[in-house]
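This report concerns only the one structure given below.
Protein chains: 2
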Amino acid sequence: MRLTINDIAKKANVSKSTVSRVLNNSGYVNKETREKIEKVIKENAYYPSAQARSLSKRESNTIGVIIPEADNSFFGEVLRGISEIADENGMTLIFCDTNNNVIKEKRALDMIIMQRVKGLIFTPVNDHSNDEVEQKLKQKLRALNIPTVLLDRGIENSEWDGVFFENYKSAYKATEILINEGHKKIGVITGDLNLKIGRDRYRGFLDALKDYNIPALKKYIYIGNFSVEKAYQVSKQFLEDNDLPDALLTSNNRTTLGLLKALNEKNVLPGKDIAVIGIDNIEVLDILGYKISCVARDTVEMGRLAMRLLLERFENPKKERENCIMPFKINLKGSEKKL
Amino acid sequence: MRLTINDIAKKANVSKSTVSRVLNNSGYVNKETREKIEKVIKENAYYPSAQARSLSKRESNTIGVIIPEADNSFFGEVLRGISEIADENGMTLIFCDTNNNVIKEKRALDMIIMQRVKGLIFTPVNDHSNDEVEQKLKQKLRALNIPTVLLDRGIENSEWDGVFFENYKSAYKATEILINEGHKKIGVITGDLNLKIGRDRYRGFLDALKDYNIPALKKYIYIGNFSVEKAYQVSKQFLEDNDLPDALLTSNNRTTLGLLKALNEKNVLPGKDIAVIGIDNIEVLDILGYKISCVARDTVEMGRLAMRLLLERFENPKKERENCIMPFKINLKGSEKKL
DNA sequence: TTGTAGGCGTTATCAT
DNA sequence: ATGATAACGCCTACAA
Chain A
852 MRLTINDIAK
862 KANVSKSTVS
872 RVLNNSGYVN
882 KETREKIEKV
892 IKENAYYPSA
902 QARSLSKRES
912 NTIGVIIPEA
922 DNSFFGEVLR
932 GISEIADENG
942 MTLIFCDTNN
952 NVIKEKRALD
962 MIIMQRVKGL
972 IFTPVNDHSN
982 DEVEQKLKQK
992 LRALNIPTVL
1002 LDRGIENSEW
1012 DGVFFENYKS
1022 AYKATEILIN
1032 EGHKKIGVIT
1042 GDLNLKIGRD
1052 RYRGFLDALK
1062 DYNIPALKKY
1072 IYIGNFSVEK
1082 AYQVSKQFLE
1092 DNDLPDALLT
1102 SNNRTTLGLL
1112 KALNEKNVLP
1122 GKDIAVIGID
1132 NIEVLDILGY
1142 KISCVARDTV
1152 EMGRLAMRLL
1162 LERFENPKKE
1172 RENCIMPFKI
1182 NLKGSEKKL
Chain B
852 MRLTINDIAK
862 KANVSKSTVS
872 RVLNNSGYVN
882 KETREKIEKV
892 IKENAYYPSA
902 QARSLSKRES
912 NTIGVIIPEA
922 DNSFFGEVLR
932 GISEIADENG
942 MTLIFCDTNN
952 NVIKEKRALD
962 MIIMQRVKGL
972 IFTPVNDHSN
982 DEVEQKLKQK
992 LRALNIPTVL
1002 LDRGIENSEW
1012 DGVFFENYKS
1022 AYKATEILIN
1032 EGHKKIGVIT
1042 GDLNLKIGRD
1052 RYRGFLDALK
1062 DYNIPALKKY
1072 IYIGNFSVEK
1082 AYQVSKQFLE
1092 DNDLPDALLT
1102 SNNRTTLGLL
1112 KALNEKNVLP
1122 GKDIAVIGID
1132 NIEVLDILGY
1142 KISCVARDTV
1152 EMGRLAMRLL
1162 LERFENPKKE
1172 RENCIMPFKI
1182 NLKGSEKKL
């Protein structure tokens, strides 16, 4: 059985309160007794129980992290950022992958409640085609009643802190670049329009066209769902119909890959036969010398920021709600052109 | 303040023991009182404290997960597998990313001890150029004294369960394929030879050559460290020296990418100008129609397996140590040839 | 400066 | 079938 504070107290010939004092660096304790106790602690490799501790203090130092796709590199990088700051601040992470599944999301939230975490970083599954689902989620989050940071995907009329990507603006900007390159027939492969981030990016695209008085032609608007497969399908379709736009915006890393797969099969070259600009940078493409222009976000930093926001909220519970928008970078590599 | 079992007891006009009984489905409890209590629990959205629970039961249902690179897709996928099985079994995951840093690893382990986890899935940083480090790690793991599964990276003379890749055999097999294709000048870009997985893969390569009486020429053996950058450097070097082997084995996904980057820059085509076979599949390459042959592992399954091993160990603490070796798949796509 | 006693939210052991 | 009561391992007044 693992040692307890009592065992240490006995071995050091003091009461457990005194041990507790040296553990927590609180109250007065004689230098010599402190040293003796510290020695005993070290010699016996004693580590106090976090559970007992937080039960007693009525406060834990664990943070819940709920994400929808652990196997998506975006979230892997986010997780690294969260982890880094958590470590620096002695916080423990409790991790859940919801696999984009609402049932699992509910279970994850329940677990988080029972774990009595101090804060939560949360990317909702967020397929709110159904409004009731969203209402229940909000209720649950309110009931949780702990500092919460929404990450990447928001909630309508959120009352929580958040770290998001400039979905609208980045799509707008990307489209603007295509426009300024002189393209006229500009199309898009959208993301999942059930998700707000999908809709926002799409709106950015549409508004840019409108602001520049370029018609948004329906036949060049391809509805995707953020997956490689779907993007590949729609791309294949328009390639077979042989009716390409001059320029194309894609809505995330997967969408870009789906497009590239199709283009590749038909030997259509981005930057030459068709202009392409994507949302999200894809590291491997750079390595392979595949020049695909994009607007990109600093994913690791998004994780760091989320964790920092949480820490700030702990410090100052009543500060105003913060909505951080990660700025994007523009990464032009040539594919925004068509020769 | 969050509700406690006492609050529920009062609201239901029973003692907390009875509430506890319905919570745990233990002992006798009258059907009607049970229903009443359940109603109160539901209405008040009461969730018992996992901390208090495990303190009282002297057993938690949390699993520690310590990995070195959250931003590496391999571990992202592993994490997904772990998560899936953990969820199915009502286990909670406590997550640490050590960033391949021994100091952080130590901190992570300490934290895991304090959290009183029930089991641990652990990929050591494992840069045991220094033997003392390894000894201390083993000591710490022994002191932890909980079911532990080593994942992907082992420990010399391990006394713990483990899930590993067939490092030696997969490299051997890959090399064999190159040999059978009739290549004579066969080279390798190694991984980090400070890591056992790096050395094992390298040995597999050497032994295959030996078994087929093919000389291992020093000038075709390039020492890498599992990173894209290093593989790129050595590749660039031999390309500039203009002394290419006929065929080349790479030691993991990153090594392959580094090589491809260099080949690409010099317009050297795998499958035509040089034969290439890699360890690890790289999904994006398939998407892009880049045909690179490889031996690959099922990463998500590795995670599932690790978690399952842990569960079995909980069931049967004294069962013999298990050392699972994930079989590899062979994925030939043409690049193993040279025209 | 140190020790005693009570409490944190549960479960488990007894009575009743 | 239910309720007291004593743990679990720690922290925190308060007393000494």
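In order, the protein sequence lines correspond to chains A and B.
Everything in the first sequence is counted per the working numbering, starting at 852 for the first residue and increasing by one.
Everything in the second sequence is counted per the working numbering, starting at 852 for the first residue and increasing by one.
In this text, a Cβ means the ideal position worked out from N, Cα and C, and glycines have one as well.
Does the beta-carbon of TYR1053 of chain A have 16 or more other beta-carbons within 10 angstroms, so that it is buried, or is it exposed?
Numbered from its first residue, the first sequence carries residue 1053 of chain A at position 202. Buried, by the Cβ-count rule.
Does MET962 of chain A get closer than 8 angstroms to chain B when you measure Cβ to Cβ?
Taking the first residue of the first sequence as 1, we reach residue 962 of chain A at position 111. Answer yes: the Cβ-Cβ gap between MET962 of chain A and chain B drops below 8 angstroms somewhere.
C-beta neighbour in chain B for LEU988 of chain A, strict 8 angstroms:
As a position in the first sequence, residue 988 of chain A is number 137, starting the count at 1. Closer than 8 angstroms: no.
In chain A, which residues lie with their C-beta within 7 angstroms of the C-beta of THR943 of chain B?
The residue labelled residue 943 of chain B in the question sits at position 92 within the second sequence. The answer, in chain order, is ILE945, MET962 and GLN966.
Could you tell me if ALA994 of chain A is buried or exposed, where buried requires 16 or more neighbouring beta carbons within 10 angstroms of its beta carbon?
Locating residue 994 of chain A in the first sequence gives position 143, counting from the first residue. Exposed, by the Cβ-count rule.
Have a look at GLU939 of chain A and LEU1156 of chain A and give me their C-alpha separation to the nearest angstrom.
As a position in the first sequence, residue 939 of chain A is number 88, starting the count at 1. As a position in the first sequence, residue 1156 of chain A is number 305, starting the count at 1. Each residue's Cα considered, the two are about 13 angstroms apart.
Does ARG931 of chain B get closer than 8 angstroms to chain A when you measure Cβ to Cβ?
Taking the first residue of the second sequence as 1, we reach residue 931 of chain B at position 80. With 8 angstroms as the cut-off, ARG931 of chain B counts as an interface residue toward chain A.
Closest by CA to THR913 of chain A, which one among A:ALA921, A:ARG904, A:PRO919 and A:GLU920?
Locating residue 913 of chain A in the first sequence gives position 62, where the first residue counts as 1. Here the closest residue by C-alpha is A:ARG904.
For the stretch 995-1009 of chain A and the stretch 946-954 of chain A, state whether three or more C-beta atom pairs, one from each stretch, are separated by less than 8 angstroms.
no
Verify the CB distance criterion: does GLU939 of chain A have a CB-CB separation below 8 angstroms to chain B?
On the first sequence, residue 939 of chain A is found 88 positions in, with the first residue counted as 1. Output row for GLU939 of chain A: interface = no.
Alpha carbon of PRO919 of chain B to alpha carbon of THR999 of chain B, nearest angstrom:
Counting from one through the second sequence, the residue named residue 919 of chain B turns up at place 68. Counting from one through the second sequence, the residue named residue 999 of chain B turns up at place 148. Roughly 16 angstroms between the two C-alpha positions.
Any chain B beta carbon closer than 8 angstroms to ILE1128 of chain A:
To locate residue 1128 of chain A, count along the first sequence from 1; it is residue 277. Output row for ILE1128 of chain A: interface = no.
Using DSSP's beta-bridge definition, name the partner residues of TYR1073 of chain A.
For this step, residue 1073 of chain A is matched to residue 222 along the first sequence. Beta-bridge pairing links TYR1073 of chain A to A:ILE1040.
Since SER924 of chain A is in the alpha helix (DSSP H), which residue starts that stretch and which ends it?
One-based indexing of the first sequence puts residue 924 of chain A at position 73. Here the alpha helix (DSSP H) through SER924 of chain A covers 924-939.
From what residue to what residue does the beta strand (DSSP E) around GLY1109 of chain B run?
Within the second sequence, the letter at position 258 stands for residue 1109 of chain B. That residue, GLY1109 of chain B, is in no beta strand (DSSP E); its alpha helix (DSSP H) goes 1104-1116.
Which bits of chain B does PRO899 of chain A rub up against, with CB to CB less than 8 angstroms?
Locating residue 899 of chain A in the first sequence gives position 48, counting from the first residue. Those are MET965, listed as they occur along chain B.
In the DSSP output, what is GLY970 of chain B paired with across the bridge?
Your numbering for residue 970 of chain B matches position 119 in the second sequence. According to DSSP, which records beta bridges pairwise, GLY970 of chain B is partnered with B:ILE914.
Is DSSP giving ILE1176 of chain A helix, strand or coil here?
In the first sequence, the residue the question calls residue 1176 of chain A occupies position 325. Strand at ILE1176 of chain A.
Check the Cβ-Cβ distances between GLY1038 of chain A and every residue of chain B, and say whether any is below 8 angstroms.
Against the first sequence, residue 1038 of chain A aligns to sequence position 187. No - not a single Cβ of chain B is within 8 angstroms of the one on GLY1038 of chain A.
Residues of chain B with CB under 7 angstroms from LEU1120 of chain A, in chain order?
Stepping through the first sequence from its first residue, residue 1120 of chain A is reached at position 269. None at all; the shortest Cβ gap to chain B is about 13 angstroms.
Count the C-beta pairs between the stretch 1105-1116 of chain A and the stretch 1079-1086 of chain B that are closer than 8 angstroms, then say yes if the count reaches three, no if not.
no
If we call anything under 8 angstroms between Cβ atoms a contact, is ALA1025 of chain B one with ILE1176 of chain B?
Counting from one through the second sequence, the residue named residue 1025 of chain B turns up at place 174. Counting from one through the second sequence, the residue named residue 1176 of chain B turns up at place 325. Not a contact, by the Cβ cut-off of 8 angstroms.
Interface flag, GLU1017 of chain B vs chain A, CB-CB below 8 angstroms
For this step, residue 1017 of chain B is matched to residue 166 along the second sequence. Not closer than 8 angstroms to any Cβ of chain A, the Cβ of GLU1017 of chain B fails to qualify, so no.
Does any CB atom of chain B fall closer than 8 angstroms to the CB of GLY878 of chain A?
To locate residue 878 of chain A, count along the first sequence from 1; it is residue 27. GLY878 of chain A does not count as touching chain B.
VAL1135 of chain A: contacting residues in chain B (beta-carbon distance under 7 angstroms)
On the first sequence, residue 1135 of chain A is found 284 positions in, with the first residue counted as 1. What VAL1135 of chain A touches in chain B: LEU1108 and VAL1135.
So for ILE1128 of chain B, helix, strand or coil by DSSP?
Here residue 1128 of chain B refers to the residue found at position 277 when the second sequence is read from its first residue. Three-state result, ILE1128 of chain B: strand.
Could you give the distance in angstroms between the alpha-carbon of ASP1043 of chain A and the alpha-carbon of VAL929 of chain B?
Walking along the first sequence from the start, residue 1043 of chain A turns up at place 192. Walking along the second sequence from the start, residue 929 of chain B turns up at place 78. Distance between the alpha carbons of ASP1043 of chain A and VAL929 of chain B: 26 angstroms.
Residues of its chain near ASP964 of chain A, where Cβ-Cβ distance is below 7 angstroms and the 5 sequence neighbours each way are ignored
Within the first sequence, numbered from 1, the residue matching residue 964 of chain A stands at position 113. In the sequence on display, residue 964 of chain A carries Ile and not Asp. Excluding residues within five positions, the ones whose Cβ falls inside 7 angstroms are LEU995.
Is GLY1154 of chain B buried or exposed, if buried means 16 or more other CB atoms sit within 10 Å of its CB?
Locating residue 1154 of chain B in the second sequence gives position 303, counting from the first residue. Classification of GLY1154 of chain B: buried, given that the 10 Å Cβ count is 16 or more.
With H, G and I counted as helix, E and B as strand and the rest as coil, what does DSSP make of ALA1067 of chain B?
Along the second sequence, one-based indexing puts residue 1067 of chain B at 216. Looking at ALA1067 of chain B - three-state DSSP - the assignment turns out to be coil, as it is neither helix nor strand.
So ARG1148 of chain A packs on PHE1179 of chain A, CB below 8 angstroms; how close in whole Å?
Along the first sequence, read from residue 1 onward, the residue named residue 1148 of chain A stands at position 297. Along the first sequence, read from residue 1 onward, the residue named residue 1179 of chain A stands at position 328. About 5 angstroms; that satisfies the 8 angstroms criterion.
Spatially closest choice to SER934 of chain B from B:TRP1011, B:ILE1181, B:GLU1152 and B:ILE1128, by CA coordinates
For the purposes of this step, residue 934 of chain B is identified with residue 83 of the second sequence, where counting begins at 1. Among B:TRP1011, B:ILE1181, B:GLU1152 and B:ILE1128, the Cα nearest to that of SER934 of chain B is on B:GLU1152.
Since I believe LYS1036 of chain A is in contact with TYR1071 of chain A (beta carbons under 8 angstroms), could you give me their beta-carbon distance rounded to a whole number of angstroms?
Position 220 of the first sequence, counted from the start, is the residue given in the question as residue 1071 of chain A. Position 185 of the first sequence, counted from the start, is the residue given in the question as residue 1036 of chain A. The Cβ separation is near 6 angstroms, so the contact holds.
So, is LEU906 of chain A buried or exposed, given that buried needs 16 or more other C-beta atoms within 10 angstroms?
In the first sequence, the residue the question calls residue 906 of chain A occupies position 55. The residue in question, LEU906 of chain A, is buried, as its Cβ has 16 or more Cβ neighbours within 10 Å.
Using a beta-carbon distance below 8 angstroms, is ARG958 of chain B in contact with chain A?
To locate residue 958 of chain B, count along the second sequence from 1; it is residue 107. For ARG958 of chain B, the answer is yes, since a Cβ of chain A falls inside 8 angstroms of its Cβ.
Output, in chain order, the set of chain A residues within a Cβ distance shorter than 9 angstroms of ASN1182 of chain B.
Counted from its first residue, the second sequence places residue 1182 of chain B at position 331. Near ASN1182 of chain B there are no residues of chain A at all, since even the closest Cβ is about 17 angstroms away, more than 9 angstroms.
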